[in-house]
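Here is the structure we will look at, set down as structure tokens.
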Amino acid sequence: MADFDGDGDDDFAIGGRQSIPSLYWWRRGEDGWVRHVVADSYLQLEAGMVAADVDGDGDLDIIAACDYQCNSIWWWENPHPDHDPETGWTRRTVKETGPKKHHDMAWGDVDGDGQGELVVWNQSGWDEERITYLYVVEVPTAPTGAGEWPRTTVFQSTNYYEGLAVADVNQDGQDDIVGGGMWFEHMGGTDYLPHVLAEGAFRRPRVAVGDVIPGGWLEILLVSADHVDGELRLYEWWDGEWFVRVLLTGVHYGHSLELADFDGDGYLDVFAAEMRYTNPAPEDAATWVLYGDGNGSFTPAVIAYGYEHHDSQVGDLDGDGDMDILGKPYNWDTPRVDVWLNGGAP
Numbered sequence: 000m001a002d003f004d005g006d007g008d009d010d011f012a013i014g015g016r017q018s019i020p021s022l023y024w025w026r027r028g029e030d031g032w033v034r035h036v037v038a039d040s041y042l043q044l045e046a047g048m049v050a051a052d053v054d055g056d057g058d059l060d061i062i063a064a065c066d067y068q069c070n071s072i073w074w075w076e077n078p079h080p081d082h083d084p085e086t087g088w089t090r091r092t093v094k095e096t097g098p099k100k101h102h103d104m105a106w107g108d109v110d111g112d113g114q115g116e117l118v119v120w121n122q123s124g125w126d127e128e129r130i131t132y133l134y135v136v137e138v139p140t141a142p143t144g145a146g147e148w149p150r151t152t153v154f155q156s157t158n159y160y161e162g163l164a165v166a167d168v169n170q171d172g173q174d175d176i177v178g179g180g181m182w183f184e185h186m187g188g189t190d191y192l193p194h195v196l197a198e199g200a201f202r203r204p205r206v207a208v209g210d211v212i213p214g215g216w217l218e219i220l221l222v223s224a225d226h227v228d229g230e231l232r233l234y235e236w237w238d239g240e241w242f243v244r245v246l247l248t249g250v251h252y253g254h255s256l257e258l259a260d261f262d263g264d265g266y267l268d269v270f271a272a273e274m275r276y277t278n279p280a281p282e283d284a285a286t287w288v289l290y291g292d293g294n295g296s297f298t299p300a301v302i303a304y305g306y307e308h309h310d311s312q313v314g315d316l317d318g319d320g321d322m323d324i325l326g327k328p329y330n331w332d333t334p335r336v337d338v339w340l341n342g343g344a345p
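The sequence shown begins at 0 in numbering that gives the first Met the number 0 and counts up one residue at a time.
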């Protein structure tokens, strides 16, 4: 979710792997949502694309990657202000060698050079040796004319990892990487130190990072994304160690997690939702907002039952200044998009 047309409210992009075109974006017009083509070819797109100003022209481009079927990552150049709904964006290469499957990516200045980098997991395809790599990928000086972008492997394992975010966890002025139940501290050059938060089901979580309890280090939230009876956890750095609070139990495939101030009280709240994998979606599949008080306590509210969420996100979709929810399923009733518009403050 991002403001692709620069009009001040959030738009959204969704990709797939079973149709042509394989990537669209939607903008809100006077008569409702207008769908625009991004990728007008058949591509096998994986979950976890990002929006970033790759070419430095002031608008947001899209970076997305292939699933288990190929080893490519691409970026699409935003043609702003020329937004013809039927004309696809220009696609260029980020990666076209190495292992397949790239579930989750993030963007930020993780090496302190003043420029944004792409951070991406590369989990390897089903027909390859199962090694998971974490890359930091540098943007070339002239990205519109380059081939593959230079990448550095900062972590690898025979375990499977997912989930990514970029934020300054320890508040030292340098962005860190959070993913796979770990956070990675940049130690200089191409050296990143992994700090383990959680193992097991939390090697493939959804991740959110923010100043949930104002002051000190940022808090890290993890929910087990592919576990039948999972937990939503908050990690608070206190007196030299991580203190864990369990916010929800019994979460079935919690494949959506975001932080936002839904009620306008100045404190971050939590959006979390279940995926469940089934079609139709179970009647008890839950969509939550947990309202935070700024001290680490939350009041959970179920805003909907019976919806399946796969990487659903939060943003201001109607331009009224409050946070809305964009819901997207994995199996249930696809293709489908649901929007919950926030009727609260402001």
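The beta carbon of each residue, even a glycine, is placed where N, CA and C say it ideally should be.
In this text the structure is predicted, and so the values were computed from the model without any measurement.
Less than 7 angstroms between the beta carbons of Val195 and Met186, yes or no? Locating residue 195 in the sequence shown gives position 196, where the first residue counts as 1. Locating residue 186 in the sequence shown gives position 187, where the first residue counts as 1. Contact flag unset, no.
Beta strand (DSSP E) segment containing Asp81, residue limits: Taking the first residue of the sequence shown as position 1, residue 81 is located at position 82. Premise fails: Asp81 is in no beta strand (DSSP E) and is neither H nor E.
Are there 16 or more other CB atoms within 10 angstroms of the CB of Leu192, so buried, or fewer, so exposed? For the purposes of this step, residue 192 is taken as residue 193 along the sequence shown, with counting starting at 1. Burial call: exposed.
Counting C-beta neighbours from all protein chains within 10 Å, is the total for Trp331 16 or more, i.e. buried, or is it exposed? Position 332 of the sequence shown, counted from the first residue, corresponds to residue 331. The residue in question, Trp331, is buried, as its Cβ has 16 or more Cβ neighbours within 10 Å.
Would you call Ala344 buried or exposed, if buried means 16 or more other Cβ atoms sit within 10 Å of its Cβ? Taking the first residue of the sequence shown as position 1, residue 344 is located at position 345. Because the pLDDT at Ala344 is just 42, under 50, the model does not fix this residue reliably, and the value given afterwards should be weighed accordingly. So Ala344 ends up on the exposed side.
Are Ala271 and Leu256 touching if we call contact CB-CB under 7 angstroms? For this step, residue 271 is matched to residue 272 along the sequence shown. For this step, residue 256 is matched to residue 257 along the sequence shown. Yes.
My parser needs the beta strand (DSSP E) runs of 3 or more residues fully inside the segment 259-286; what are they? 268-272
Run through the segment 305-338 for me and flag every whole beta strand (DSSP E) of 3 or more residues, listed as ranges in chain order. 312-314, 323-326
From the DSSP output, read off the bridge partner residues of Thr298. Against the sequence shown, residue 298 aligns to sequence position 299. Answer by DSSP bridge pairing, in chain order: Tyr290.
Gln170 versus Asp30: straight-line alpha-carbon distance, rounded: Translated into positions along the sequence shown, residue 170 becomes position 171. Translated into positions along the sequence shown, residue 30 becomes position 31. C-alpha separation (whole angstroms): 44 angstroms.
Taking all protein chains shown into account, decide if Gln17 is buried (16 or more other Cβ within 10 angstroms of its Cβ) or exposed. Stepping through the sequence shown from its first residue, residue 17 is reached at position 18. Exposed, by the Cβ-count rule.
Beta-carbon contacts of Glu147 that lie in its chain and below 8 angstroms, excluding the five residues immediately before and after: Taking the sequence shown and counting its residues from 1, the one referred to as residue 147 is at position 148. Counting only Cβ-Cβ distances below 8 angstroms, and skipping sequence neighbours, we find Thr92, Val93, Lys94, Glu95, Thr96.
Helix, strand or coil, according to DSSP, for Ala141 in the structure here? Locating residue 141 in the sequence shown gives position 142, where the first residue counts as 1. Here Ala141 sits in coil by DSSP.
If you check the beta carbons only, do Val163 and Asp66 fall under 7 angstroms apart? In the sequence shown, residue 163 corresponds to position 164, counting from 1. In the sequence shown, residue 66 corresponds to position 67, counting from 1. Per the sequence shown, residue 163 should be read as Leu rather than Val. Going by C-beta atoms, Leu163 is not nearer than 7 angstroms to Asp66.
For Met200, which of helix, strand or coil comes out of DSSP? Within the sequence shown, the letter at position 201 stands for residue 200. This sequence places Ala at residue 200; Met is not what is there. Helix.
If you count every other CB in all the chains shown that lies within 10 Å of the CB of Asn70, and 16 or more means buried, which is it? On the sequence shown, position 71 is the one that residue 70 refers to. Its Cβ being crowded by 16 or more others within 10 Å, Asn70 is buried.
Buried or exposed: Ser311, going by 16 or more other Cβ atoms within 10 Å of its Cβ? The residue given as residue 311 occupies position 312 in the sequence shown. That one is buried.
According to DSSP, is Asp54 part of a helix, a strand, or is it coil? Looking up residue 54 in the sequence shown gives position 55. Three-state DSSP puts Asp54 in coil, outside helix and strand.
Through-space distance from Ile302 to Lys100, alpha-carbon basis: For the purposes of this step, residue 100 is identified with residue 101 of the sequence shown, where counting begins at 1. For the purposes of this step, residue 302 is identified with residue 303 of the sequence shown, where counting begins at 1. Whole-angstrom Cα-Cα distance: 33 angstroms.
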